[in-house]
Amino acid sequence: MIRTGLTSVTFRQKSVGEIVDMAAEAHLDAIEWGGDIHVPSGDRAAAERALRLTREAGLFVSAYGSYYRAGTGQDFDAVLRTAGWLDCRLIRVWAGDTASAECSGSARSAVTEDLARIVERAAREGCRVATEYHARTLTDTLPSALRLLGDVPGLRTFWQPPVGSAPKENLEALERLRDRVESIHVYHWAPALERRPLSEGGQVWRAYFEQVRRMDGVHTATLEFVKDDSVSQMLSDAKALRNILERQPF
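Quick note, the sequence shown lines up with residues 859 to 1108 if you use the numbering used here.
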């Protein structure tokens, strides 16, 4: 099953209430609340307000985008408490702060050991931890991501198409990561690093989601990086996303 959602960080300048209203207007299912602006780690009042407004709009919290960077000494217990206040069972983290090609053996070990620690810690509270498939971390290439996931049993991953990557490469990555993919961040960028309407990438996203449908579990297709940071574009992208998932024409 694939549900739909919106990352709150898509609109950092908007309030929690505005983001909830936009997600509801877009007929999405969920919101991934970010820890950098809207629901800071350790802020119980912010988390409980975000949860209340989300539920009142008929939505659910799909994930807590914590911005926790493994191996850097941050406080994961505060992150875990915040996820609990959001009634959320999925925490997104980053695999360190160094590109895999530049990471020393000792630094990689520190990130790996910390991820193993927080995965175990979260599991005791009924939560899953997933890295983001992200540049300048240890998930910035497929081989490095696979190695990391192999070294940390229980660790999950979000997936998004790396900007500039070819669809064939992305389909291979989805296939090789399939047992560990938790959810998907959805956007469409032109090769020149320009944000474009999702409908322009509709055909390739149909192929990506055919891969996702063959995976076990429930995944959330979460909109991110809309063109011009535009609310109207997000609403159009949400419609395009529904058309992609329902195999309807644009």
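Cβ coordinates follow ideal geometry from the N, Cα and C atoms, glycine included.
All values derive from a computational prediction rather than experimental measurement.
* Asked: Alpha carbon to alpha carbon, what distance is there between P1020 and N1028?
  -> Along the sequence shown, read from residue 1 onward, the residue named residue 1028 stands at position 170. Along the sequence shown, read from residue 1 onward, the residue named residue 1020 stands at position 162. Looking at the two C-alpha atoms, the distance is approximately 8 angstroms.
* To do: Please report the Cβ distance between A980 and R1014, rounded to the nearest whole angstrom; I am assuming they are in contact, meaning their Cβ atoms lie under 8 angstroms.
  => Your numbering for residue 980 matches position 122 in the sequence shown. Your numbering for residue 1014 matches position 156 in the sequence shown. With a Cβ gap of about 10 angstroms, A980 and R1014 do not count as contacting.
* Classify A941 as helix, strand or coil using the three-state DSSP reduction. => Taking the sequence shown and counting its residues from 1, one reaches residue 941 at position 83. In this structure, A941 counts as helix in the three-state DSSP scheme.
* Asked: Skipping 5 residues on each side, what residues in its chain have a beta carbon closer than 6 angstroms to that of A905?
  -> Along the sequence shown, one-based indexing puts residue 905 at 47. Contacts found: V897, T940, W943, L944.
* To do: State the DSSP-derived secondary structure class of E1082, mapped to helix, strand or coil.
  => As a working note, residue 1082 is residue 224 in the sequence shown. Residue state, collapsed to three classes: coil.
* **DSSP-derived helix/strand/coil call for L864** => On the sequence shown, residue 864 is found 6 positions in, with the first residue counted as 1. Taken through DSSP and simplified to helix, strand or coil, L864 comes out as strand.
* Under 8 angstroms Cβ to Cβ from R1054, same chain only, skipping five residues before and after it: list those, please. => For this step, residue 1054 is matched to residue 196 along the sequence shown. So the list reads H1046, W1047, A1048, K1085, once near-sequence residues are dropped.
* Asked: Across which residues does DSSP place S1041 in a beta bridge pair?
  -> For the purposes of this step, residue 1041 is identified with residue 183 of the sequence shown, where counting begins at 1. Bridge partners of S1041: F1016.
* **Nearest candidate by alpha-carbon position, reference L973, set A993, T995, D998, V1010** => Counting from 1 along the sequence shown, the entry for residue 973 is found at position 115. When each option's Cα is compared against that of L973, the closest is V1010.
* Where V969 falls: helix, strand or coil (DSSP) -> As a working mapping, residue 969 is identified with position 111 in the sequence shown. Three-state DSSP puts V969 in a helix.
* **Contact set for R1036: own chain, Cβ-Cβ below 6 angstroms, skip 5 residues either direction** => On the sequence shown, residue 1036 is found 178 positions in, with the first residue counted as 1. Here the set comprises M1073.
* **CA-to-CA distance, G1060 to R1105, given in whole angstroms** => Locating residue 1105 in the sequence shown gives position 247, counting from the first residue. Locating residue 1060 in the sequence shown gives position 202, counting from the first residue. About 10 angstroms.
* Asked: With a Cβ-Cβ cutoff of 8 angstroms, do F934 and I895 count as a contact?
  -> For the purposes of this step, residue 934 is identified with residue 76 of the sequence shown, where counting begins at 1. For the purposes of this step, residue 895 is identified with residue 37 of the sequence shown, where counting begins at 1. Not closer than 8 angstroms, so no.
* Which residues mark the beginning and the end of the beta strand (DSSP E) in which V951 is found? -> Locating residue 951 in the sequence shown gives position 93, counting from the first residue. Looking at the DSSP string, the run of the beta strand (DSSP E) that includes V951 is 948-952.
* Asked: Taking all protein chains shown into account, do 16 or more other C-beta atoms lie within 10 angstroms of the C-beta of T930, making it buried, or fewer, making it exposed?
  -> Position 72 of the sequence shown, counting from 1, holds the residue named residue 930. Exposed, since its Cβ has fewer than 16 Cβ neighbours within 10 Å.
* Residues that W891 bridges to, as DSSP identifies them -> As a position in the sequence shown, residue 891 is number 33, starting the count at 1. Y922.
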